[in-house]
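Trainee: The listed protein sequences correspond, in order, to chains A and B. Going left to right, the first sequence walks through residues 1 to 94 as my numbering numbers them. Going left to right, the second sequence walks through residues 1001 to 1174 as my numbering numbers them. Could you have a look at this structure, given as structure tokens, before my questions?
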Amino acid sequence: MSATKHVSGADKGKLLLFALSTCIWCKKTKKLLEALGVDYYYIDVDLVPHDERDEVVAELKSWNPQSSFPTLVINNQKTIIGFNEPQIRTELEK
Amino acid sequence: MNSEADEKTGIQPDEADLLYQRLNREAEATGYHLNPDQEFTLELVRSLLINQQRFGYPACPCRLASGKKDDDLDIVCPCDYRDQDLNDYSTCYCSLYVSDQVLKGQKIAGSIPERRPVRKEPKMQESQAGQNNLSSLPLPVWRCKVCGYLCARENPPGVCPICQAQQERFEKFI
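Put into structure tokens, the structure is as follows:
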């Protein structure tokens, strides 16, 4: 997806964060990922042009039917919904 | 806070301060509380201003707005879900509004589950209203979807006298 952005860091598996540029819990999640120094990708879905948005939302829905933000997808396997600091730390500090 | 307008959004710092003060005043006057973490709350207020610029209405910063006002009415801040979330989690979805306990430091406001229905629920009240045996009432009853205020009159008020929500946030209740 063209709107995906990359933040370099330590490889802890493939991390994809569905976020909104205005969402405060998404900002906190990005800050936490940066503090943990992990490599991750993110999409600010509100900034995705309307003609591409359906595709992105469909992908998000496949991970989180409610399509709420933030949604963090780990290794195309696991999903962490909302800013859940303990759970994110547990997953990424392994 | 910065003394210059934000480069990307063009939002002046005093704009956010002014909106923060107004929201705080209105919240306290009507029994609600803004999040006491001022930095956090100002960040949310700036996001509300961004959405106001983008859409013409302050959609919840933590939800994906469609840009079509009719589809987004339930997530125009304060959203239809604030009061239930304050009851159940002591915070609204984005944590702009918090409960008494959070204000007093007895609870911490965190990220909570989304309760907005995935598909918008059909407007049951409207279709049921006519079948209700209370329909013989001399006036319809209108309900503010933001705060639950009820009033019996020909049309809903222009602005909710309790929470200041706009007329479009009212539904026909009976």
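Just so you know, even glycine gets a beta-carbon here, dropped at the ideal spot from N, CA and C.
Sort A:Thr22, A:Thr29, A:Gly13 and A:Val56 by Cα distance to Ile81 of chain A and report the nearest one.
Mentor: Position 81 of the first sequence, counted from the start, is the residue given in the question as residue 81 of chain A. Nearest of A:Thr22, A:Thr29, A:Gly13 and A:Val56 to Ile81 of chain A, Cα basis: A:Thr29.
Trainee: Under 7 angstroms, Cβ to Cβ, is there at least one residue of chain B near Ile24 of chain A?
Mentor: Looking up residue 24 of chain A in the first sequence gives position 24. So yes, Ile24 of chain A belongs to the interface.
Trainee: At a CB-CB cut-off below 9 angstroms, which residues of chain B make contact with Ser68 of chain A?
Mentor: Stepping through the first sequence from its first residue, residue 68 of chain A is reached at position 68. Within chain B, the residues near Ser68 of chain A are Cys1062, Arg1063, Leu1064, Tyr1093, Pro1113, Glu1114 and Arg1116.
Trainee: Look up Val1116 of chain B in the DSSP assignment and say whether it is helix, strand or coil.
Mentor: Sequence index remark: in the second sequence, residue 1116 of chain B carries index 116 (1-based). In the sequence as displayed, the identity of residue 1116 of chain B is Arg instead of Val. Arg1116 of chain B falls in the coil class under three-state DSSP.
Trainee: Just to confirm, does Ala1152 of chain B get its C-beta within under 6 angstroms of one of the non-hydrogen atoms of the ligand NAP?
Mentor: Because no ligand of any kind appears in the structure shown, any question about the ligand NAP cannot be addressed here.
Trainee: Quick check: Phe18 of chain A and Leu60 of chain A, are their CB atoms within less than 7 angstroms of each other?
Mentor: Reading the first sequence from its first residue, position 18 is the one you call residue 18 of chain A. Reading the first sequence from its first residue, position 60 is the one you call residue 60 of chain A. Yes, these two residues count as a Cβ contact at 7 angstroms.
Trainee: For a cutoff of 7 angstroms on Cβ pairs, would you count Ala1016 of chain B as touching chain A?
Mentor: Position 16 of the second sequence, counted from the start, is the residue given in the question as residue 1016 of chain B. Output row for Ala1016 of chain B: interface = no.
Trainee: Compute the distance between the beta-carbons of Leu36 of chain A and Leu92 of chain A, then report whether it is under 7 angstroms.
Mentor: One-based indexing of the first sequence puts residue 36 of chain A at position 36. One-based indexing of the first sequence puts residue 92 of chain A at position 92. Against a cut-off of 7 angstroms, the Cβ pair of Leu92 of chain A and Leu36 of chain A comes out as a contact.
Trainee: Please classify Glu55 of chain A: is it buried, with 16 or more other beta-carbons within 10 angstroms of its beta-carbon, or exposed?
Mentor: Along the first sequence, one-based indexing puts residue 55 of chain A at 55. Answer is exposed; the Cβ neighbour count stays below 16.
Trainee: Determine, for Ile1050 of chain B, whether the minimum Cβ-Cβ distance to residues of chain A falls below 7 angstroms.
Mentor: The residue given as residue 1050 of chain B occupies position 50 in the second sequence. Answer yes: the Cβ-Cβ gap between Ile1050 of chain B and chain A drops below 7 angstroms somewhere.
Trainee: Classify Gln1164 of chain B as helix, strand or coil using the three-state DSSP reduction.
Mentor: As a working mapping, residue 1164 of chain B is identified with position 164 in the second sequence. Three-state result, Gln1164 of chain B: coil.
Trainee: Which of the three DSSP states, helix, strand or coil, is assigned to Leu1103 of chain B?
Mentor: Along the second sequence, one-based indexing puts residue 1103 of chain B at 103. Of the three classes helix, strand and coil, the one that applies to Leu1103 of chain B here is helix, per DSSP.
Trainee: Going by beta carbon distance, what residues of the same chain come within less than 6 angstroms of Gln1128 of chain B, once the five residues before and after it are set aside?
Mentor: Start at 1 with the first residue of the second sequence, and residue 1128 of chain B comes out as number 128. Only weak support exists for where Gln1128 of chain B lies, its pLDDT of 49 falling under 50; the coordinates are left without a value.
Trainee: Between which two residues does the alpha helix (DSSP H) containing Lys30 of chain A stretch?
Mentor: Stepping through the first sequence from its first residue, residue 30 of chain A is reached at position 30. Counting along the chain, the alpha helix (DSSP H) containing Lys30 of chain A begins and ends at Ile24 to Leu36.
Trainee: If the cut is a Cβ gap below 8 angstroms, which residues of chain B does Pro65 of chain A touch?
Mentor: Indexing the first sequence from 1 puts residue 65 of chain A at position 65. Chain B residues near Pro65 of chain A: Val1118.
Trainee: Can you grab the Cα-Cα spacing for the pair Lys14 of chain A / Leu1023 of chain B, in whole Å?
Mentor: Here residue 14 of chain A corresponds to residue number 14 of the first sequence, with the count starting at 1. Here residue 1023 of chain B corresponds to residue number 23 of the second sequence, with the count starting at 1. Looking at the two C-alpha atoms, the distance is approximately 41 angstroms.
Trainee: Under 8 angstroms by Cβ, that's how I've got Val38 of chain A and Ala58 of chain A pegged, so tell me the actual separation to the nearest angstrom.
Mentor: Within the first sequence, the letter at position 38 stands for residue 38 of chain A. Within the first sequence, the letter at position 58 stands for residue 58 of chain A. Incorrect: roughly 26 angstroms between the Cβ atoms, too far for contact.
Trainee: Beta-carbon of Phe18 of chain A versus every beta-carbon of chain B: anything under 7 angstroms?
Mentor: Residue mapping note: residue 18 of chain A aligns to position 18 of the first sequence, counting from 1. So no, Phe18 of chain A is outside the interface.
Trainee: Under 7 angstroms, do Leu1044 of chain B and Cys1094 of chain B count as touching if we go by C-beta distance?
Mentor: Here residue 1044 of chain B is taken as the residue at index 44 of the second sequence, counted from 1. Here residue 1094 of chain B is taken as the residue at index 94 of the second sequence, counted from 1. A contact, by the Cβ cut-off of 7 angstroms.
Trainee: Under 7 angstroms, Cβ to Cβ, is there at least one residue of chain A near Leu1044 of chain B?
Mentor: For the purposes of this step, residue 1044 of chain B is taken as the residue at position 44 of the second sequence. Output row for Leu1044 of chain B: interface = yes.
Trainee: Flag Ser1090 of chain B as yes if its beta-carbon sits less than 7 angstroms from any beta-carbon of chain D, otherwise no.
Mentor: Judged by its chain identifiers, the structure shown contains no chain D, and its protein chains are A and B.
Trainee: What does Asp46 of chain A touch in chain B if you count any residue whose Cβ is under 7 angstroms from its own?
Mentor: Numbered from 1 along the first sequence, position 46 holds the residue referred to as residue 46 of chain A. Per Cβ cutoff of 7 angstroms: Leu1064.
Trainee: Could you work out which residues of chain B lie near Gly82 of chain A, taking near to mean beta carbons separated by less than 9 angstroms?
Mentor: Locating residue 82 of chain A in the first sequence gives position 82, counting from the first residue. The answer, in chain order, is Gly1110, Ser1111, Ile1112, Pro1113 and Glu1114.
Trainee: On a Cα-Cα basis, can you pick out the residue from B:Leu1042, B:Glu1026 and B:Gly1031 that is closest to Glu1015 of chain B?
Mentor: Taking the first residue of the second sequence as position 1, residue 1015 of chain B is located at position 15. The residue with the shortest Cα to Cα distance from Glu1015 of chain B is B:Leu1042.
Trainee: Since Tyr40 of chain A is in the alpha helix (DSSP H), which residue starts that stretch and which ends it?
Mentor: Locating residue 40 of chain A in the first sequence gives position 40, counting from the first residue. No alpha helix (DSSP H) contains Tyr40 of chain A, which is instead part of the beta strand (DSSP E) from Tyr40 to Asp44.
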